[in-house]
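The structure under discussion appears below in the form of structure tokens.
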Amino acid sequence: MTAPLICYAHVSKSFADGAGARVVAVDDVSLDVADGEFLAIVGSSGSGKTTLLRLANRLTDADAGTVTIEGEDVRNIDPVGLRRRIGYVFQSGGLFPHMSVADNIGITPRLLGWPAGRIASRVAELLALVRLDGDGHRHRMPHELSGGQRQRVGVARALAAEPRIVLMDEPFGALDPLTRDALGEDYRSLHRQLGLTTVMITHDMTEALLLADRIAVMRGGKLLALGRPAELAESRDAYVLELLRTPRRQAERINTLLPGAGAA
Amino acid sequence: MTMFSDPRWTEAASHLPDYLGSHLRVSLAALALGLVTSLPLAILARHRPLLRGTMLAVASIVQTVPGLALLALFYPLLLALASLTFAWFGFDFSAFGFLPAMLALALYSMLPVLRNTITGLNSLDDALLEAARGVGMTPPQSLFKVELPLALPVIMAGIRTSAVWVIGTATLSTPIGQTSLGNYIFAGLQTQNWVFVLFGCVAAAVLALAVDQLLALIESGLARRKPLRTALGGAGIAALVAVTLTPVLARSSTTYVVGAKTFAEQYVLSQLIAQRLHAAGLTATTREGLGSSVIFDALANDDIDVYVDYSGTLWVNQFHRKEIPPREQLLAELKTLLAKRNITLLGALGFENAYALVMPRKRAEALGIHSIADLATRAGSFSIAGDYEFFSRPEWASLRNAYGLNFRTQRQMQPNFMYAAVAAGDVDVIAGYTSDGLIAKYDLVVLDDPKRAIPPYDAILLLAPGRAHDATLQPALRPLIGRIDIGAMREANLRASGNNANSSPTSVARWLWQRIEAGH
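So the sequence lines, in the order shown, correspond to chains L and C. The opening residue of the first sequence carries number 22 in our numbering; numbering runs sequentially from there. The opening residue of the second sequence carries number 3 in our numbering; numbering runs sequentially from there.
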């Protein structure tokens, strides 16, 4: 295995809550993400998974421990520059409502000072990659798009500056199941095709199993389990088994209802 | 059409370029200054609750100060500042007119912009701010590319509110010497020229609406990314700015500025002086509706060149003299006092406009009241009315001390309405003006002042220090010296208080000159 691209070593982070007490969001987590890997972080809300993701591009800074990106301690990297070289897909898109699709996609390259011609051809290329070419989508405003289209633009925007790493915060959570599946599959092939390293947050174990190479399970700020699906299945942790029970039951049910579904 | 055949409409329209231009100039300058100050302040304060609270509180307090008072306060403030800069750095600046008006209006404009900018920026969706950081924006980039554009509609709403406020309030800058559409309103109220009042109000309202609509055009152009709209709105504002600048270029430096206080007689006399200067081939403009405390300083600072004041007013209010010498002696001493400040007392016009206690003739006779001394015995059951400044003037204190006057009640009234009020018996006595034509009209009587508690008030022509040796100005004005008797002035004032085509100060001044000429 190649050297880890993202590395968390004994990382902790706590926040002040409204009442003046401190809430531990991430509690002594150590985790490596290999180059080219697709890692899903699964957990319920409040498990600390979003905070863990935000530590990677310094949207927030750790209280203790070290986060390294491509071997470099993030504390030594200018946060703005760091964020420009890491793609980030936000929950329900996070598109700027006053900018067209093309302007949203081209924002990071523009911040990086790319020449206009290069940005335009990159935008066209990305629209094709996320299957939004044709139809003149580039001049539309975000409010003129469907939820799925918005999220496709969100993915295109994250990829615009040709990052090696993409962080995704529940990117497909708000979509209807069909769109969600199509988008998940499309992203998975982009991940492979572009040689990306992806960390995706989800509360849906089924989605994690279908898309990710490895799955990290978080609860109460702690990393409960980490491994390939088959490795997770061997876990003795009740919560991990509980999380796996739903997809397993769904799969069995679908197999009985749709003969031949499990043949592949 | 008969309504518009009234020459007062034509006269009102003839002032429009000057009044509107000056009004626009001071309003737009104030708005620009207000924006340049409040936008950065709002941006700075949005994440600092203490600063934000303090700033909004201060701006709200400023807003509660009546516009007229705020404008009036800036004049002495700047005068003091100007004398400080002169003492320390050897230069001073004019505290009259444009500068105090612009500063006060700018201060006035700040609250809506501050409040809306802070609200607009602070109510943005956190997810979008996070997205702005996430795509790699620096804080300034996030501010200019995301936060300000998204908060723009709310900010523009604040700017539009503030524009309408400033344009409306700018009508109050007339008393501190800034020509504005308020000149119509102040002059109209004082001379009961409702055409002027209406004209001023409508012009200010139309101007406010026009600027508001241009700003709305810019706003919608920016919000919907329609550059043409933005450009049209911007061009409209630019055109307004251009219009305001042309009169500045056109103004010749040799123009004489004639000042006038806020009452009808002063409007008539300033027009009379201006007409005399025109007749002598000089150019003259009038600066009317100036507060009595502003006008003297304005003359002393060469902000205006000539105006008519009253000997007793200067003696008591300006030079704080307690003793009251006989008329001629007071005039001579006043001339020396003024000369020390390089102000020329060119001469007395020939009439007095004194404060005097006035009551209906029949009632006075029935009660056997001939003098203020007679009145004093009955004052306890009488009410008295005076203009807005009378009861705080030294003359009132001196009257009360000399005669032991103690009235049951005292009221302040718009001078125009006092005479009718005393004639109708709403008040028993008024502190009127001896040159007022309404005294004869309502059959009122001026009570004697045997103890000479009220000083003489000869109308006198004063010239600014810069005009002391002006060889063209003085000959043009000399024909007025000693030529206006009390009868002529009373009738002129009566005519000016009428509400018809011939009652404009300009027409009355023309009539007065004809009468002066006919007298010789």
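From the three backbone atoms N, C-alpha and C, an ideal C-beta is built for every residue, glycine too.
When the Cα atoms are used, L440/C and N303/C turn out to be separated by approximately 35 Å. Residues of chain C with a Cβ closer than 7 Å to the Cβ of V101/L are, in chain order, G138, T140. In this structure, the alpha-carbon of D234/L lies about 25 Å from that of S33/L. Under the three-state reduction of DSSP output, T200/L falls in the helix class. In the DSSP assignment, P362/C falls within the beta strand (DSSP E) that extends over 357-362. In chain order, L80, R104 make up the part of chain L whose C-beta sits under 8 Å from the C-beta of R135/C.
The beta carbon of L116/C is closer than 7 Å to those of S40, L43, A44, M57, L58, A61 in its chain, skipping five residues each way along the sequence.
If only complete runs of 4 or more residues are kept, the segment 188-245 of chain L shows the alpha helix (DSSP H) at 198-214, 226-232, in order along the chain. Pairing L217/C with A165/C gives a Cβ-Cβ distance under 8 Å. Annotation: the segment 284-310 of chain C contains the following complete segments of the alpha helix (DSSP H) (minimum length 4 residues), in chain order: 294-302. Interface flag for Q143/C against chain L is set, since a Cβ pair is found closer than 8 Å. Against chain C, the beta carbon of L74/L has no neighbour under 9 Å; the closest one sits roughly 11 Å away. Measuring C-alpha to C-alpha distances from Y21/C to each of F93/C, L209/C, A225/C identifies L209/C as the nearest. At a cut-off of 8 Å between C-beta atoms, G248/L does not count as an interface residue with respect to chain C. DSSP places T89/L in no alpha helix (DSSP H) but in the uninterrupted beta strand (DSSP E) bounded by 85-90.
Under the rule that a run must span 3 or more residues, the beta strand (DSSP E) segments found entirely inside the segment 327-410 of chain C read 346-354, 357-362, 385-388. In the structure shown, S121/L adopts coil according to DSSP, grouped into three states. Against H160/L, chain C offers no close residue; the least beta-carbon distance is about 10 Å (beta-carbon pairs closer than 9 Å). In summary, L279/L is exposed, with fewer than 16 beta-carbon neighbours lying within 10 Å of its beta-carbon over all protein chains present.
Ranked by Cα distance from S437/C, the first of R413/C, H471/C, L359/C, Q414/C is L359/C. Close CB contacts of G202/C within its chain, under the 6 Å cut and outside five residues either way in sequence, are with L183, Y186, I187 (chain order). The Cβ atoms of T246/C and L30/C lie closer than 8 Å to each other.
In this structure, the straight-line span from the alpha carbon of G108/L to that of T87/L is close to 21 Å.
Below the 8 Å Cβ cutoff, chain L contributes L80, F111, G115 as neighbours of E132/C, in chain order. Using a Cβ distance threshold of 8 Å, A498/C and I432/C do not count as a contacting pair.
For the 8 Å CB-CB criterion, R54/C and I120/C form a contact. By the neighbour-count criterion, in which a residue is buried when 16 or more other Cβ atoms sit within 10 angstroms of its Cβ, T267/L is exposed.
If you look at A207/C, you'll find it in the alpha helix (DSSP H) that goes 196-225.
Of all residues in the segment 120-146 of chain L, the ones placed with a Cβ closer than 7 Å to any Cβ belonging to chain C are I128, T129, L132, in chain order. R178/L has a beta carbon lying within less than 8 Å of a beta carbon in chain C.
According to the DSSP secondary-structure assignment, A433/C is paired through a beta bridge with L359/C. Sequence-distant partners of A375/C (beyond 5 residues in either direction) whose C-beta falls short of 7 Å from its own C-beta, in its chain, are Y405, P452. F95/C sits in coil when the DSSP states are folded into three classes, being neither helix nor strand. Taking the CA atoms as reference points, N408/C sits about 27 Å from S294/C.
Looking at the backbone, the Cα of H119/L and that of A149/L are separated by about 23 Å.
Taking the Cβ atoms as the reference, V424/C lies roughly 31 Å from P327/C, outside the contact range of under 8 Å.
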